[in-house]
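Residue 391, in this note's numbering, is where the sequence shown stops; the numbers in between run on with no holes. Encoded as structure tokens, the structure appears first; notes follow it.
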Amino acid sequence: MNNASNKKQFLIFLIVFLGLVALICSLPYLFTNYPLLGIDFSDKGWVGSVIGGVMGPFIAIVAAFLTFLAFWIQFDANKQQRNDISVERLENSMQRFIDIYRDIVNNMYLYKSSIKGQPSFHFLFYEFKSIYICVLDIIENENKNKKDFSLDKNVKSDIEYIAFEIFLSGILTKNSGGEKANFKLNKRIISTIKLKTVNTVINGFIEDKTIQDIENKLIENRANYDENHRIEGFPDGRYEKETVQQLYKGNLPRLSSYFNHFYSTLSFLAEKDSEIDNLKKDLYSANLRSATNLSETMFFSQMGVHEIALLIAYYDFCEYYKNVDKTKYDEKEKKIDSYIETLKDQLKNYENVFIWDSDNFRDPDV
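Here it is, written out as structure tokens:
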């Protein structure tokens, strides 16, 4: 109920109340001056008793009505107060999610580098992009003489999965003898690809040798950085030597809480959206909807373009693992997917730079 309708109802009740008061006040005059049903009340000696008896029930009815009206107004006010508290709780909960997000981002760091906070995502995104381009180049070289090979959506999804696995887990593990290939990662990539992919070309060449070729190419990229200050996929510019030397060693410890919080926040928004969809369409549901839309906007507005691009890649990586047809998503999953599309819209003018499945993703940034 909005302020205009409250004011209108109040005026109606006020007019009815004043009309009843005017009627009761005029009854003595009417009874003593105009005979009612042939009864003459002009003898004022006993008219008071008669009028009191006649008016008593009217006064009692009006009093009961006013009491009911007072209780009804109080009930409506309590309901409005509960609704306002619900909206405030939603806003406070979302603010806590945003505060935790800011804390995680502000504490993000790159190895022993001076790059900290949100600028870290610039470097992290280009690390993923350089891995993606490396995998893409090797896969194309492996299949350049095969007529049936095409870089379709399924192949790109396989490439994105391999690249993000390497981005998270790293290509090298430390042991007492120094560094060696991450064999656990290699086996996981191979088994997942063979289980997931519908593309026989990908299935045919994904083996230990292929993964090793990818690792060797990435190690070469990192070693050559000091010479040309350029890694394919990275924008031109110098990066600290300590930072570059840590490339491709895995980012899962650094990003796991960040990714988990991101998904938890989207899940919270999706659940609230679903609850609102099931509410009666009134001012309360409209206020809740407005609060969730504002919270969504506030959350997404905190993110830079490199961060959004990395989150989109992470989401697609998770979808690859999930291996579920999007047409079979429940309401919550559909809403989360719609949030990702909203994020993608923010990059639509730069998709060749930031969206991994765009046709020109490997081209140098301009």
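All C-beta atoms in this analysis are idealised placements derived from N, C-alpha and C, irrespective of residue type, glycine included. Since the structure is predicted, the reported quantities are computational estimates derived from the model, not experimental observations.
Taking the Cβ atoms as the reference, Phe122 lies roughly 5 Å from Thr290, within the contact range of under 8 Å. By the 16-neighbour rule on beta-carbons within 10 angstroms, Asp298 is buried. DSSP places Asn179 inside the alpha helix (DSSP H), whose first and last residues are 178–194. Tyr186 has its alpha-carbon roughly 15 Å from the corresponding atom of Asp162.
Fewer than three beta-carbon pairs drawn from the stretch 144–151 and the stretch 162–171 are found closer than 8 Å, and the two stretches are therefore not classed as touching. Put simply, the backbone Cα of Gly81 is about 45 Å away from that of Ser111.
Between Ser292 and the set Tyr273, Arg279, Tyr340, the nearest pair of CA atoms involves Tyr340.
Segment contact: the stretch 176–190 against the stretch 153–162, three or more CB-CB distances shorter than 8 Å; contact assigned.
Going by DSSP, Ser155 is part of the alpha helix (DSSP H) stretching over 145–168. A Cβ-Cβ separation of about 4 Å places Phe189 in contact with Phe342 under the 8 Å criterion. DSSP, read as helix, strand or coil, puts Tyr375 in helix. Annotated three-state conformation of Lys360 is helix, per DSSP. Asp302 and Asn131 have their C-alpha atoms some 35 Å from each other.
Ranked by Cα distance from Gln271, the first of Gln327, Ser194, Ser326, Ala95 is Ser194.
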